Each structure stands twice: as structure tokens, then as C-alpha cells.
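One structure is given here, and the rest of the page talks about it.
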Amino acid sequence: MPDDLRLYSMRHYFTSNCLSNNIPITDVAEWMGHSSIEVTFKTYRFLMPGSIGRAAKILNVGLAA
């Protein structure tokens, strides 16, 4: 492993990649060993800027049906 590559960097890359590809945060938090999704969300929420908008659309469609 290169000297400038740290385990934390690999964990961060993995988590970022998962969340950027819409893998549920609940799964990612469990895989990372975080005590709750709150830990994962606070650290990586910047990767999910459209998640609230997508959730609102899904809920609106469901309520309109």
C-alpha cells in the first residue's frame, strides 16, 4: 500500500462510492460498522443532495394514487 494511502481513505472512498450510486444509507452504515445511520449521514450527506427531492416526489406520487 502506498505511504500516502490510509485505511481511512479507502473507507471514505468505499462509502462515497456506495452512496453516490444510490445504495441505501442503512446498508452502508451497517457495512461500515457505524453505530447509527446518523453517523453516516452527518459525514456523507453532501453526497446525497437530491435525496430529499427524490423522497418528496415518491411520497407525492404515492399520496396521489
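Note that full-length UniProt numbering has the sequence shown beginning at 1, numbered continuously upward. Glycine included, each C-beta is placed from N, C-alpha and C at the ideal position. If you're wondering where the values come from, they're calculated on a predicted model, not measured in any experiment.
### Query
What distance in whole Å lies between the Cβ atoms of S9 and Y44, which are believed to be in contact at a cut-off of 8 Å?
Not really, about 14 Å apart at Cβ, beyond 8 Å.
### Message
L47 and S20 - do their beta-carbons sit closer together than 9 Å?
### Response
yes
### Task
Counting only the same chain and skipping the five closest in sequence on each side, list residues whose C-beta sits under 6 Å from that of R6.
none
### Message
Starting from I25, trace the alpha helix (DSSP H) in both directions and tell me its first and last residue.
### Response
25-32
### Separation of G53 from Y13, as counted between CA atoms
25 Å
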